[in-house]
Amino acid sequence: MYCNVSVKCYESCMNDQNSMPPPCAGLRIGDIAPDFEARSTIGPVRLSAFRKRWLVLFSHPADFTPVCTTEFVALAREAAAFEARDCALMALSVDSLFSHFAWLRMIRDRFGVEVRFPILEDPTLVIGRAFGMVSAQDSDSATVRTTFFIDPEGVIRAMTCYPANLGRSVPEMLRILDGLQAIDAKGALAPANWQPGEPMLRPPSHDLDEVYGAGDMTSWFLREDGGGVRA
């Protein structure tokens, strides 16, 4: 198989490929994403080659399935929106490269959109196990709908995981990406239901004098980045 996961967990993944849960499922926000090289629909790809820009890496259970098809159509239609944010997309599943090709041809002919971002083949689940994309409850060893938001330094900044029977929200994927980029640019915090262009929050004060000197009981920790008190 043309695949190498160049991290320490690679050996433990290969020692027992049938163990559940996957031995390397402990990836956390703030970890460096495990590097790998694999075949894809655009040729060989290495994860570390996507450094210096954002990357959304996501898995899907299988080609030629209803929910996955709707996800890929939606992502293909919003590909320019990710590109405008200097963010690449990369998908993977257990299906073979030729299955991916046939599926993408069907999507183009049926829905009129071309999927141009790479889709990796991971038939032995080496990558899926390294990233914890395999559910212990799935009898068919398919990957679940796991998504990793990886920053230009290769750091995992956010993760989501959906069951096989529930599709992802592409607007929410873009909102997460916008929020992470705004946090980095402003050093601020994104509140609940935040949307691009809306006020963000200042980090709370760590100075007791500022806490006691605040105008009210919440403004020392709940203040918008523009200075207003959060309602």
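Residue numbers for the sequence shown follow numbering that gives the first Met the number 0, beginning at 0 and rising by one. All C-beta atoms in this analysis are idealised placements derived from N, C-alpha and C, irrespective of residue type, glycine included.
C-alpha distance - residue i paired with residue j, whole-angstrom precision
i	j	result
V235	R222	Residue 235 is absent from the structure shown; the chain starts at 0 and stops at 230.
V133	W219	43 Å
R128	I28	17 Å
A213	P203	12 Å
V210	R201	14 Å
I175	A157	8 Å
M199	A191	10 Å
A37	A48	12 Å
A232	H205	The displayed coordinates of the chain run from 0 to 230. Any statement about residue 232 would go beyond what the structure contains.
I231	D34	Any answer about residue 231 is impossible in this case: the structure gives the chain only from 0 up to 230.
C23	V143	In this prediction, C23 has a pLDDT of 38, which is less than 50 and means its spatial position is unreliable; nothing more can be read from the coordinates.
S232	L179	Because the chain in this structure spans residues 0 to 230, residue 232 falls outside the shown range and cannot be described.
Residue from the options with nearest C-alpha to residue i
i	options	result
Q194	P170, F57, T145, T68	P170
T64	M199, N164, A48	N164
A90	V112, F57, C67	F57
G153	R45, R50, A75	R50
Residue i - containing alpha helix (DSSP H), residue span
i	result
M132	Note, M132: premise wrong, no alpha helix (DSSP H); not H, not E.
V210	207-212
Residue i - partner residues in DSSP beta bridges
i	result
M158	F147
M105	According to DSSP, M105 bridges with nothing at all.
Where the beta strand (DSSP E) containing residue i begins and where it ends
i	result
M199	First-last for M199: undefined, no H or E at that position.
Cβ of residue i within 7 Å of any chain B Cβ
i	result
I175	The displayed structure is made up of one protein chain only, and chain B is not part of it.
Query raised in the report: Is the stretch 103-122 touching the stretch 31-48, taking contact as three or more C-beta pairs under 8 Å?
Result: Using a Cβ-Cβ distance cut-off of 8 Å, the stretch 103-122 and the stretch 31-48 are in contact, since at least three pairs of beta carbons, one from each stretch, lie closer than that value.
Report task. Would you check if the stretch 82-91 and the stretch 181-195 touch, i.e. whether three or more CB-CB distances between them fall below 8 Å? Result -> no
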